[in-house]
């Protein structure tokens, strides 16, 4: 039986970021991946490294997101230097466009709440009116009333990130085991035996990073990961010369020139089919924001399942019954890659999550609601 | 000259051109290849519309075919 210091179950953005952080801390790590039968939230993301409005009502999540976005530039530089793979991270700030005065007022209220909840961290935002926005964004549609902007937002190439994390993982001695479903798991404190089709492997630590797959895996390790699928759809246009200087919540232009259009949320169970009505809604709002988008050809569109915990906040937990077992789930695997590689992985390596992550424990779902 | 029903890509090749576009990634030259609408190497600006698959468009007298020079431009008019 092959023994490792840590086994990470799930080779997507969350698992590979944690795995990368662990091998960087000189642990012997096996990174398991089920294969393309998995739902792969890592192919359903938009590429935003987004801070604005994350954690409204949950200051601990606002702080965690900010810290992750602040880790991002150094992580991207490090990965590019080590692997030669372009990550394309840019952090020009980002805008959330508002169509109509009601949307604008609601957004302003949200931004004020974020600032009030930010505590010592502070929260720097600006509400921009049409006049200011038209200086920043070309060809803004007449339906746009204004926007919120913060300097913390940015975007990157998520496929480049995933590729670089995997290459960095392998180059640092990590062992990637693709097409390896977990058929059985035996957990004891500090000792985990994982049965794969090709044999058994063992480690003193295990990290569950299998996205939607965590729901079934977690109980075997004395953990709980009550996550559900949330379908999203994306449209991608033909490549064009750079015209958008910064990302918008639902519209971003990639380094290669394609313009990506989102966003949508459908509670459709495990169905991954595209729905024209949703695609129309995405396209309609995009064209209201920038009428010139109308002339671009859509060359690709897809639907994917993302991971949604019950309150939309990440779940980070360590098993009390089987110390050494950890679980990590989130909705924002791109944004949180900085935190997962640079903050969470060192905690796992040390064998214990920092007290600041206690609020992210799944125990919060057991609290009976007030009568 | 090309026979009736020929594609714009065929007309370009018949006129002696090897290359119809430059790629957006590094500007290397490309010419029509599969001639059946699956390779996207025949992209050209046709009658003012960029990135058209010229092999899928029947050539007509007076049709304006221009080379697709890397990524298309956008004219960001607000209306």
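Chains as they are written, first to last, in the numbering used here: chain A, 16 to 386; chain B, 0 to 78.
For glycine and all other residues, C-beta sits at the position ideal for the given N, C-alpha and C.
The model shown is predicted, which means the values in this text are computed figures rather than measured ones.
When the Cα atoms are used, residue 53 of chain A and residue 265 of chain A turn out to be separated by approximately 26 angstroms. For residue 113 of chain A, the secondary structure class from DSSP, reduced to helix, strand or coil, is strand. Across the set A/302, A/318, A/311, the C-alpha of A/318 shows the shortest separation from the C-alpha of residue 291 of chain A. Residue 26 of chain A and residue 367 of chain A have their C-alpha atoms roughly 22 angstroms apart.
Judged by beta-carbon spacing, residue 142 of chain A lies within the 7 angstroms limit of residue 123 of chain A, meaning their Cβ atoms are closer than that value.
According to the DSSP assignment, residue 141 of chain A belongs to the beta strand (DSSP E) that extends over 141-144. Around the beta carbon of residue 194 of chain A, fewer than 16 other beta carbons sit within 10 angstroms, so the residue counts as exposed.
When C-beta atoms of the segment 189-206 of chain A are compared with those of the segment 130-148 of chain A, fewer than three pairs fall below 8 angstroms, so the two segments do not count as touching. One Cα belongs to residue 339 of chain A, the other to residue 44 of chain A, and the distance between them is close to 14 angstroms.
Against chain A, a Cβ distance below 8 angstroms from residue 64 of chain B picks out nothing, because the smallest value is about 17 angstroms. Close to chain B, meaning a Cβ-Cβ distance shorter than 8 angstroms, are the following residues of the segment 269-300 of chain A: 271, 272. Look at residue 21 of chain B: its C-beta is not under 7 angstroms from any C-beta on chain A. The Cβ atoms of residue 48 of chain B and residue 10 of chain B do not sit closer than 7 angstroms to each other.
Straight across, the Cα-Cα distance linking residue 301 of chain A with residue 245 of chain A is about 21 angstroms. Close partners of residue 74 of chain B in chain A (Cβ separation under 7 angstroms): 307. Excluding its 5 nearest sequence neighbours in each direction, residue 308 of chain A has C-beta neighbours in its own chain below 6 angstroms: 301, 302, listed in chain order. In the displayed model, residue 310 of chain A falls within a helix according to three-state DSSP. Going by beta carbons, residue 31 of chain A and residue 180 of chain A fall inside the 7 angstroms limit. At a C-beta separation below 7 angstroms, residue 267 of chain A has no neighbours in chain B, since its nearest C-beta there lies roughly 14 angstroms away.
Any Cβ of chain B closer than 7 angstroms to the Cβ of residue 262 of chain A would place that residue at the interface, and such an atom is absent. Per the C-alpha coordinates, the member of B/69, B/54, B/68, B/70 positioned closest to residue 32 of chain B is B/54.
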